[in-house]
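In short: position in the sequence shown from 1, add 168, done, that's the numbering used here.
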Amino acid sequence: MQDETGLQLSKPYYRTGIVLAVRHSSPITRAEAIDPHAKIGVMGSSVASMTFNQRGLTTSAFGFEDEMLKALADKEIDGAVVSQAAAGYFNLSHPGQGLRMVDIDGLEPAFSWNVAVGMVKPDNKLHAAIDSALDRLLADGTIKHIYAKYGIDLQPPK
């Protein structure tokens, strides 16, 4: 599709994806060692739902990440597969109910990805200017500071 639209990507500037959010008291520390009896919230009909079900784990389908995180905080479920951004913002906006994030990208490569700026049919000069601006904003901490305002821990791209 990128070829058809002329979409080009800048250099990636951070890595994100989905994580398993758990309460701080949870014994879950690794995705590969989740107790099969633990009830894990997932988005209905998602890749995470299929992956966790194929592993024989108990899942509960949700339509929205914020509902899943509330259910986790209220101890209705033992974990929630949500975006890093949703978990980070929940922690920021619910002091005292903070959640711990467990990486799960080892279960499925599609669970994490790099983020870049998309440009439709840029010339070489614009493409270089965007990459240069990203370098400056990363170097001076501007991008990290912006994401931190929303509870997101900026991870370097892979």
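Backbone N, C-alpha and C fix where the C-beta goes; we use that ideal spot for every residue, glycine too.
| Check | Outcome |
| --- | --- |
| What are the uninterrupted segments assigned as alpha helix (DSSP H) that are 4 or more residues long and contained completely in the stretch 207-231, given in chain order? | 215-222 |
| Quick one: what's got a C-beta closer than 6 Å to Glu233's C-beta in the same chain, skipping five residues either side? | Val250, Ala254 |
| In terms of residues, what are the limits of the alpha helix (DSSP H) holding Arg198? | Note, Arg198: premise wrong, no alpha helix (DSSP H); not H, not E. |
| Could you tell me the alpha carbon to alpha carbon distance between Ala216 and Val210, rounded to whole angstroms? | 7 Å |
| So, with DSSP's three-state summary, where would you put Gly256? | helix |
| Put Tyr315 into one of helix, strand or coil per three-state DSSP. | helix |
| Near Gln265, what residues of its chain come up, given a Cβ to Cβ distance below 7 Å and the 5 sequence neighbours on each side ignored? | Ala241 |
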